[in-house]
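6 protein chains.
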Amino acid sequence: MKPKEKICVFPGSFDPITSGHVDVVKRSLPLFDRVVVAIGINSQKKYLFSLEQRLNWLEEVFKDEPKVEIGRFEGLTVKYCKEIGARYLLRGLRNASDFDYEKTISQLNQIIGEDLETIFLISRPEFSHISSTIVREIMKAKGDATPFLPDQIRIN
Amino acid sequence: MKPKEKICVFPGSFDPITSGHVDVVKRSLPLFDRVVVAIGINSQKKYLFSLEQRLNWLEEVFKDEPKVEIGRFEGLTVKYCKEIGARYLLRGLRNASDFDYEKTISQLNQIIGEDLETIFLISRPEFSHISSTIVREIMKAKGDATPFLPDQIRIN
Amino acid sequence: MKPKEKICVFPGSFDPITSGHVDVVKRSLPLFDRVVVAIGINSQKKYLFSLEQRLNWLEEVFKDEPKVEIGRFEGLTVKYCKEIGARYLLRGLRNASDFDYEKTISQLNQIIGEDLETIFLISRPEFSHISSTIVREIMKAKGDATPFLPDQIRIN
Amino acid sequence: MKPKEKICVFPGSFDPITSGHVDVVKRSLPLFDRVVVAIGINSQKKYLFSLEQRLNWLEEVFKDEPKVEIGRFEGLTVKYCKEIGARYLLRGLRNASDFDYEKTISQLNQIIGEDLETIFLISRPEFSHISSTIVREIMKAKGDATPFLPDQIRIN
Amino acid sequence: MKPKEKICVFPGSFDPITSGHVDVVKRSLPLFDRVVVAIGINSQKKYLFSLEQRLNWLEEVFKDEPKVEIGRFEGLTVKYCKEIGARYLLRGLRNASDFDYEKTISQLNQIIGEDLETIFLISRPEFSHISSTIVREIMKAKGDATPFLPDQIRIN
Amino acid sequence: MKPKEKICVFPGSFDPITSGHVDVVKRSLPLFDRVVVAIGINSQKKYLFSLEQRLNWLEEVFKDEPKVEIGRFEGLTVKYCKEIGARYLLRGLRNASDFDYEKTISQLNQIIGEDLETIFLISRPEFSHISSTIVREIMKAKGDATPFLPDQIRIN
């Protein structure tokens, strides 16, 4: 790892990854040398899809992007960033309701993460109504969520 | 059912129905031929009042409104609307915090519901601080929630 | 005018009318018997386009919609609605910043307009970033605003 | 208790108390004769720290403030206020997301609390990103939360 | 002036004073020894009513409230507060749109005003849609604004 | 200009530049090869300080930052970016009120600017209450704005 390499972490549960996530990662690629899409594991949280399934989808979705790596971590995001030498976090903002939450988290990460910097991209209009929560609701109700998922994810 | 009949669904948990819900339904009546006040049943959610109790209250509250029908459904709201031929959803907006959530849901329903249209009314000032959540909190704490409930609901 | 005719006013400056306005009007048409797209004239406000130009564009844009009429008024919107027998106002909501303003206006119109009811539709994702203000900014800076305008408007 | 004594309740879970809470209480002291920092006990909620631990911390943090008392209550906050003769509630506002929730609660307390008045202070910039929720997250992940806690709280 | 006297300033343009302003002032009276309702004069701003008219209305509206005084000032609010020995500012919050603006101002006043403290009350539901701006709009359009004005203001 | 050089524009009026602006620019520097702090000139807008004064201050403030250049432009920001080969815009977000406006602008710039990407940083807590507007208000009222200005700006 070169000292000046620009590494960015895009953390999430990705339960499942959506087209909105993919768009944010792809738009960020020209800015960084490496973008690590990393699943944060919280043992007290229930997920709809297994960790293995979610990691497989991430590998599949980004297999043609040489700058993207897939990762996983437990505990604080800032610790993981330090371990892998990442100085940047990447987050997508969809609406004003997201904002105050993300502001709080980014200010904390700056304090406890020794100036870990969070870079925000605003979702494109066609993705601003998509979230993993909504995709799960559609799936639980036996609806068709494929319009909100990357092509590589096939759920039947 | 005539082809041009304007049917609207007002979905919710109604745990319990509040004066705010009743006001939104009554204001919407001139716009539609039928308004179906429908309880969405989610088997993973806990309710304070039984489905029977909630349905009874709805029947009681709207018994003098010939345009109102009471319904129930499981699964996606958009499927229920299609089954009963409803092209409209009705929602009340109380404050800006409601907005981003409702925007996301309405845009999704338009996509997965084949142009199901959501009509919004803004709560009147005297009802904008009323929600089922707050009514349940008052009840759990043995407070008097009758100022926030329709006259037909008597809880002691 | 039949007593039960459902007349709705969609008021604005339309300086100029955008694709977002057109979408809201078209989505509202099944609900009403007549929708009056009406320019509110405020003698103390500066407009980029003349009243005649703006009225011509409205006529052109909606010439194939039999339910749409074009109007104009000075003074309070509620007075105009009363004069033409409209019991409904139509408004599009784009984002949470719009909300508190529209809430205030709609609650006032209910009080001073004798229960004039405001019906809200939320902008579709592809139109939620379009406003007349932004279109004017693009035009003033000699940019190309045609992606945000109805096909009938040609400005060079 | 003199009839005109100005008593204020600052209610919360204080799981744990943060530097932000302490700042709001201290800023409010010149306004009141007594400020009761009171833990609301909800038997259905899980806490990270025991009631005894949280009460001890409160006693410790405010032991040099003669106007501050520590309290506890079950049920509605308005009932507790009435019992101890408090006519005021104190709340801190950190961001716009807090606002609509607090507005609803304060309007309800005015109705069911016979004009119990809620006084709001806006958090200072250096405390606006601190909440008990965030402190608990840092602790669960074995991070160092001391920058967000009063000096009297030592957790190892 | 006794050293401990609690003096509060309620600043504004009051162009004109509304029922909402009056309600906030009256609710604040038990907290303070004196509340100074003060017109801030900005020579670059246009007002609908003259300074004399606005001051007369304030005198009239509060003539039976011994704790209320009427004032006027030019320049920064914090300077005026210092001159008259006021340690508190009073502000009403109507909605989330008000919040971020008021937060900014109150944090600045704390810095440049040597800990001048701003006390916020949230508007009651029946007043949260009232503002001087809206009253002026109604008046300019020859509408009837009396429902939003204190009884002492008669405009014809 | 090398084809892969990462050039970013930070546009504004800078009337005057504040400590908040400086912080956002400095935090962005590791991400880019060049950051152009550029004054957008709008002939219809009144400024408190002359263009020369504002440019001088920018030169002074960033004279020790080799990656920073000072620029100026008229017309659309996207045109200026294209002319100088910048693929990125930089914006600071202070609060949720900023968000919806910035979202609209960034989505437009993506459309009319051929994928010009806007990068957002959230203001640090100590700068989130600072804006040029507020600084101007303090100056007009003869208050001391130096706590909100970079050291290089001396106004008496």
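Those sequence lines, one after another, are chains D, F, Z, U, X and H.
Just so we're aligned, residue 146 is where the first sequence starts under our numbering, counting upward by one.
Just so we're aligned, residue 146 is where the second sequence starts under our numbering, counting upward by one.
Just so we're aligned, residue 146 is where the third sequence starts under our numbering, counting upward by one.
Just so we're aligned, residue 146 is where the fourth sequence starts under our numbering, counting upward by one.
Just so we're aligned, residue 146 is where the fifth sequence starts under our numbering, counting upward by one.
Just so we're aligned, residue 146 is where the sixth sequence starts under our numbering, counting upward by one.
For every residue, glycine included, the Cβ atom is placed at its ideal position computed from N, Cα and C.
- Pairing Phe159(Z) with Arg199(Z) gives a Cβ-Cβ distance under 8 Å.
- Looking from the CA of Glu219(Z), the closest CA among Asp243(X), Asp296(X), Ile267(X) and Glu282(X) belongs to Glu282(X).
- Per DSSP, Thr263(Z) is not a residue of any alpha helix (DSSP H); the beta strand (DSSP E) it occupies stretches across Glu262 to Ile267.
- Scanning its chain for C-beta atoms nearer than 8 Å, with the 5 sequence neighbours on each side dropped, one finds around Glu150(D) the residues Asp178, Arg179 and Gly230, in chain order.
- For Tyr233(U), the enclosing beta strand (DSSP E) has its first and last residue at Tyr233 to Leu238.
- Around the beta carbon of Tyr233(F), 16 or more other beta carbons sit within 10 angstroms, so the residue counts as buried.
- For Gly220(F), no beta strand (DSSP E) run applies, since DSSP gives it neither H nor E.
- Taking 8 Å as the upper bound for CB-CB distance, Gln252(U) and Arg269(X) are in contact here, some 7 Å apart.
- For Phe155(X), the enclosing beta strand (DSSP E) covers residues Ile152 to Gly157.
- Contact between Ser276(F) and Thr163(F) is confirmed by a C-beta separation of about 7 Å, below the 8 Å threshold.
- For Gly185(Z), the enclosing beta strand (DSSP E) begins and ends at Arg179 to Ile186.
- Taking 8 Å as the CB threshold, Ala241(X) lines the interface with chain F.
- In the three-state DSSP reduction, Glu228(U) falls in the helix class (H, G or I).
- Interface residue (Cβ-Cβ distance to chain U less than 8 Å): His274(H) is classified as such.
- Only residues of its own chain outside the window of five on either side were considered, and among them Gln297 have a CB closer than 6 Å to the CB of Glu205(X), listed in chain order.
- Nearest CB-CB separation between Asp260(Z) and chain X: not below the 8 Å threshold.
- Nearest C-alpha to Gly165(U) among Lys212(U), Glu197(U) and Gly237(U): Gly237(U).
- In this structure Cys226(Z) is in contact with Gly258(Z), their Cβ atoms being roughly 6 Å apart against a cut-off of 8 Å.
- Against chain U, the CB of Lys248(F) has no partner CB under 8 Å away; the residue lies outside that interface.
- Nearest CB-CB separation between Pro270(F) and chain X: below the 8 Å threshold.
- For Gln252(Z), the uninterrupted alpha helix (DSSP H) run begins and ends at Ala241 to Ile257, by DSSP.
- Here the C-alpha atom of Met284(X) lies approximately 30 Å from the C-alpha atom of Val170(Z).
- Residues of chain H with a Cβ closer than 8 Å to the Cβ of Pro292(Z) are, in chain order, Ile256 and Ile257.
- The CB of Asp289(D) comes closer than 9 Å to the CB of Ile257 in chain F, given here in chain order.
- Comparing alpha carbon positions, the residue from Asn187(D), Leu176(D) and Asp168(D) closest to Ile264(D) is Leu176(D).
- Taking Val223(Z) as reference, the option from Leu193(Z), Ala183(Z) and Lys287(Z) with the minimal CA-CA separation is Ala183(Z).
- A Cβ-Cβ separation of about 4 Å places Leu235(Z) in contact with Phe155(Z) under the 8 Å criterion.
- The Cβ atoms of Pro295(H) and Val167(H) sit closer than 8 Å to each other.
- When rounded, the separation of the alpha-carbon atoms in Leu221(D) and Val181(D) is 15 Å.
- For His166(U), the uninterrupted alpha helix (DSSP H) segment begins and ends at Ser164 to Ser173.
- Per the coordinates, the alpha-carbon of Leu196(F) lies some 18 Å from the alpha-carbon of Lys208(F).
- Against chain D, the CB of Leu176(H) has a partner CB under 8 Å away; the residue lies at that interface.
- A buried status is given to Thr249(D), since no fewer than 16 other beta-carbon atoms sit within 10 Å of its beta-carbon.
- Interface residue (Cβ-Cβ distance to chain F less than 8 Å): Gly165(U) is not classified as such.
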